[in-house]
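If you read the sequences in order, they're chains P and Y.
Note that the numbering used here has the first sequence beginning at 64, numbered continuously upward.
Note that the numbering used here has the second sequence beginning at 64, numbered continuously upward.
Positions of the beta carbon are idealized from the N, C-alpha and C atoms, including for glycine.
Protein chains: 2
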Amino acid sequence: MKRVTIKDLAQHAQVSRGTVDRVLHNRGHVADEVRLKINEAIEELGYKPNIIARTLAQNNEYKIAVLIPDPEADEFWEQPNEGIKRVMPEFEDFGVVVEPFHFNNEEPKSLSDKAKEMFKRNPDAILMASEFYKESLYVLDEIERRKIPTTLIMTHIDSSNEFNYIGQDSFKSGAMAGRLFDVSISQDMKRILVFNLGATSANTLQIKNKIIGLSSYFDGRADFELIEVEIQNFKNTAAIKSKITELLSTHEDISGIFVTNSRSKYLAPALEELGLDHLCFIGFDLLQDNVDYLLNGTIDFLINQNPAKQAEWAIKKLVDQLVFNRKNKSTEYVPLDIVIKENVSCYLH
Amino acid sequence: MKRVTIKDLAQHAQVSRGTVDRVLHNRGHVADEVRLKINEAIEELGYKPNIIARTLAQNNEYKIAVLIPDPEADEFWEQPNEGIKRVMPEFEDFGVVVEPFHFNNEEPKSLSDKAKEMFKRNPDAILMASEFYKESLYVLDEIERRKIPTTLIMTHIDSSNEFNYIGQDSFKSGAMAGRLFDVSISQDMKRILVFNLGATSANTLQIKNKIIGLSSYFDGRADFELIEVEIQNFKNTAAIKSKITELLSTHEDISGIFVTNSRSKYLAPALEELGLDHLCFIGFDLLQDNVDYLLNGTIDFLINQNPAKQAEWAIKKLVDQLVFNRKNKSTEYVPLDIVIKENVSCYLH
DNA sequence: AATAAATCCGTGCCCCTGCACGGATTTTGA
DNA sequence: TCAAAATCCGTGCAGGGGCACGGATTTATT
């Protein structure tokens with residue numbers, strides 16, 4: 064079962080390889096009659112280009128720019144980096160090179176600056192993650208102008224659907240938390256504290272959808288109450304403690320804790336100090352400290368956003384376009400992994 | 064940042080490409096002095112062979128034989144096939160070809176027959192899954208004699224550790240079920256029926272380990288009891304029903320159901336008919352019917368063995384050896400996915 | 001010392017595609 | 001009718017590595 068090559072096509076159509084090549088790439092300068100004959104041969108013999116030979120022949124470098132928040136500043140953003148490192152060896156033989164552009168996740172302007180820097184380097188493709196809506200729009204505009212293949216991860220910027228997106232279905236993750244609370248809480252009345260740490264549900268679409276998903280699970284049920292809390296200075300354990308104490312005095316029988324982003328680790332010590340580690344605690348993401356609190360029992364469930372896998376998939380998607388010029392679905396959702404003490408080790412690499 | 068090529072090495076060591084090639088492949092016929100100089104150059108310039116060019120030059124076909132139970136007869140075995148289909152496009156450019164050998168999962172001799180057929184075809188690598196211990200040993204012996212790279216999935220045959228294995232950590236999956244029962248069951252006494260359908264814990268290591276894992280979770284706790292049940296004619300709903308009725312009369316307060324393999328779908332209708340669908344029901348694997356029972360609420364949790372991913376990883380592992388001659392870890396465990404109604408769609412492709 | 005043998009190493013072709021150059025043929029224009 | 005232009009198409013090289021063949025040099029043999 065030998066492969067069909069350009070040479071075979073040429074022989075079959077009684078022309079030279081060069082002519083076949085011109086037809087294959089629509090480069091014109093071919094007589095209609097000949098073109099038809101070649102197209103026939105392509106059809107008949109079932110020609111598939113040999114990507115290996117093509118890559119070798121082209122011998123060009125594909126620069127993928129990675130525009131994400133600085134992993135040095137926030138442990139969370141180390142994970143996409145891990146994912147990228149994991150897949151790169153597979154592709155560097157194809158001439159794929161990654162150039163990181165890390166911006167400060169607390170300064171919107173930093174995104175714009177880094178984006179400018181990135182564009183100067185003329186990347187062939189872009190992998191981007193940003194929570195700054197307005198600044199992202201500018202970047203996406205420029206991307207659209209330059210027609211650079213781009214994949215967004217983690218956060219969906221829904222300005223247009225022309226960009227590939229890989230992320231988690233936030234709504235479903237909320238609904239999933241709903242069921243986990245439902246089976247875990249034995250009290251008749253399920254009162255759940257929802258914590259937005261250093262973020263607001265109004266500003267962040269992801270968080271909003273998680274909460275909508277959570278309440279949708281309990282839709283039409285009277286044995287359930289959601290209490291939303293926002294804490295900005297989330298790194299101050301004392302402040303969190305007093306906030307919780309206050310909430311406990313105004314609401315009785317709190318039975319669940321839901322942290323809507325990866326910052327569970329800031330809430331957990333406060334709960335431990337208050338002797339509240341028996342509450343059903345659901346959070347997101349496998350940061351080292353989160354995992355520790357999962358192992359010691361303070362946190363019951365972590366929902367894994369799989370940032371490493373998101374980045375991995377995104378790179379693969381871009382390589383698919385650049386190297387193999389395959390098209391694929393524009394939006395993909397990573398699986399919603401439920402992580403508990405017993406299976407956490409599977410998800411850590 | 065151009066790649067270092069053989070030509071560069073040749074130039075650096077003042078010899079020709081052919082000589083460098085002989086050194087690279089230990090083909091001898093090179094003077095010691097020259098060899099040292101070339102090795103120095105390799106070290107100094109950091110030469111990495113270009114897999115793309117090599118693949119093109121060798122232009123040979125790699126036949127991977129897939130020796131698994133017939134997917135036509137058992138829905139479960141369709142999934143590994145799906146996984147293989149998913150990754151193959153990525154590798155067929157590298158000349159990788161898959162040849163399936165499906166045996167009858169109810170006749171041990173069928174495995175031996177298909178294995179013979181397989182060996183006749185002289186595969187370059189083998190992906191194998193079998194629950195027949197004795198017959199597998201014969202096949203593995205022959206593999207060892209022929210020194211064919213091989214990866215086992217699903218079931219570990221521990222004759223020797225010379226084979227790669229990809230599978231689930233059965234012990235952990237049992238322990239995981241333990242926690243899920245623990246949080247879900249609100250009764251003080253947790254009595255769990257453990258069903259081995261069409262299999263015995265004595266014969267099947269996987270099942271044994273799942274049960275050991277489950278009881279290890281509750282180790283030292285008095286509020287827990289395990290009742291193991293074996294049913295051979297599991298396709299007979301009436302028989303299952305009478306068995307359960309019998310169990311309910313001899314044991315009170317049954318609160319959990321654990322099916323140790325993928326055959327939950329045969330137990331679920333019996334439970335429904337007996338009005339027992341409120342019990343916490345944990346099973347394995349995303350067969351279509353299992354998923355339906357998860358969606359209608361009879362089954363509460365499914366633990367995904369991820370047969371598709373196992374096969375996918377196995378193919379990748381073999382390709383890594385054949386094409387890229389990379390070595391990698393010999394045993395790998397797939398993640399233990401907890402699947403509920405809310406996230407099941409992520410795990411179905 | 002002359003020939004045979006052994007050792008070492010360089011050259012050229014192959015794999016397949018992409019692309020530039022230029023040759024060959026046909027068409028256009030005066 | 002003949003040169004100029006336009007159109008069409010073949011050849012050759014590059015890209016990196018594998019491998020066979022055979023040339024060149026050194027070593028062994030009588």
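Exercise for review: Return the CA-CA distance between residue 359/P and residue 242/Y, expressed in angstroms with no decimal places.
Suggested key: 14 angstroms
Check your understanding: Shorter than 8 angstroms from the beta carbon of residue 242/Y to some beta carbon of chain P?
Key -> yes
Exercise for review: Determine the closest residue to residue 378/P out of 112/P, 184/P and 147/P, with distance taken between C-alpha atoms.
Suggested key: 147/P
Check your understanding: Under 8 angstroms between C-beta atoms, does residue 239/P make it to chain Y?
Key -> yes
Review point. Is the Cβ-Cβ distance between residue 72/Y and residue 110/Y less than 8 angstroms?
Key: yes
**Study point:** Near-chain Y residues of the stretch 192-213 of chain P (beta-carbon distance less than 9 angstroms), N- to C-terminal order
**Key:** none
Point to revise | Beta-carbon neighbours of residue 398/Y, restricted to chain P and to distances below 8 angstroms | key: 400, 406, 409 and 410
Practice item. List the DSSP bridge partners of residue 321/Y. Key: 257/Y and 345/Y
Check your understanding: Mind checking whether residue 363/P and residue 247/P have CB atoms under 8 angstroms apart?
Key -> yes
**Study point:** Sufficient close CB pairs (3 or more, under 8 angstroms) joining the stretch 288-307 of chain P to the stretch 228-245 of chain P
**Key:** no
**Study point:** Buried versus exposed, by CB contacts within 10 Å (16 or more), residue 168/P
**Key:** buried
Exercise for review: Consider the Cβ of residue 119/Y: report whether some Cβ of chain P lies at a distance smaller than 8 angstroms.
Suggested key: yes
Review point. So what does residue 125/P bridge to, in DSSP terms?
Key: 159/P
**Study point:** Neighbourhood of residue 198/P by C-beta, 6 angstroms cutoff - its chain only, sequence neighbours within 5 removed
**Key:** 171, 174 and 175
Exercise for review: Please name the residues in the stretch 159-179 of chain P whose beta-carbon is closer than 9 angstroms to at least one beta-carbon of chain Y, in chain order.
Suggested key: 160
Review point. Thinking C-beta only, is residue 271/P closer than 8 angstroms to residue 264/P?
Key: yes
Check your understanding: Quick one: Cα of residue 306/Y to Cα of residue 319/Y, how far?
Key -> 16 angstroms
**Study point:** Among 289/Y, 266/Y, 267/Y and 285/Y, the one whose alpha carbon lies nearest that of residue 277/Y
**Key:** 289/Y
**Study point:** CB-CB length for residue 340/P against residue 369/P, believed under 8 angstroms
**Key:** About 26 angstroms separates the two Cβ atoms, so there is no contact after all.
Practice item. At 9 angstroms on the CB atoms, spell out the chain P contacts of residue 113/Y, in chain order. Key: 119 and 156
Check your understanding: Would you report the Cα separation of residue 229/P and residue 385/Y, rounded to the nearest angstrom?
Key -> 32 angstroms
Point to revise | Residue from 391/P, 232/P and 365/P with nearest C-alpha to residue 268/P | key: 232/P
Practice item. Would you mind giving the Cβ-Cβ distance between residue 216/P and residue 134/P, rounded to the nearest angstrom? I have them listed as a contact below 8 angstroms. Key: Not really, about 14 angstroms apart at Cβ, beyond 8 angstroms.
Check your understanding: By Cβ distance below 8 angstroms, which residues in the same chain neighbour residue 361/Y in space, the five residues on each side in sequence not counted?
Key -> 331, 334, 335, 340 and 344
Check your understanding: Since residue 371/P is in the alpha helix (DSSP H), which residue starts that stretch and which ends it?
Key -> 370-385
Point to revise | Opening and closing residue of the beta strand (DSSP E) in which residue 227/Y lies | key: 227-230
Review point. Going by other Cβ atoms of all chains shown within 10 Å of its Cβ, with 16 needed for buried, is residue 152/P buried or exposed?
Key: exposed
Check your understanding: Residues of chain P with CB under 7 angstroms from residue 298/Y, in chain order?
Key -> Going along chain P, no residue has its Cβ under 7 angstroms from residue 298/Y, so there is no contact; the nearest lies around 30 angstroms.
Check your understanding: What's the gap between the Cα of residue 131/P and the Cα of residue 315/Y?
Key -> 57 angstroms
Exercise for review: Kindly indicate if chain P contains any beta-carbon less than 8 angstroms away from that of residue 371/Y.
Suggested key: no
**Study point:** Proximity to residue 260/P [Cα-Cα], best of 352/P, 99/P and 295/P
**Key:** 295/P
Point to revise | Spatial distance of residue 204/P from residue 226/P (CA atoms) | key: 11 angstroms
Review point. What residues from chain Y crowd round residue 247/P, counting only those whose CB sits closer than 8 angstroms?
Key: 246 and 247
Point to revise | Cutoff 7 angstroms; reference residue 206/P; Cβ partners in own chain excluding five residues on either side | key: 189 and 213
Check your understanding: Nearest-angstrom Cα distance between residue 69/P and residue 84/P?
Key -> 7 angstroms
Practice item. Show which residues of chain P have a CB atom less than 7 angstroms away from the CB atom of residue 116/Y. Key: 119
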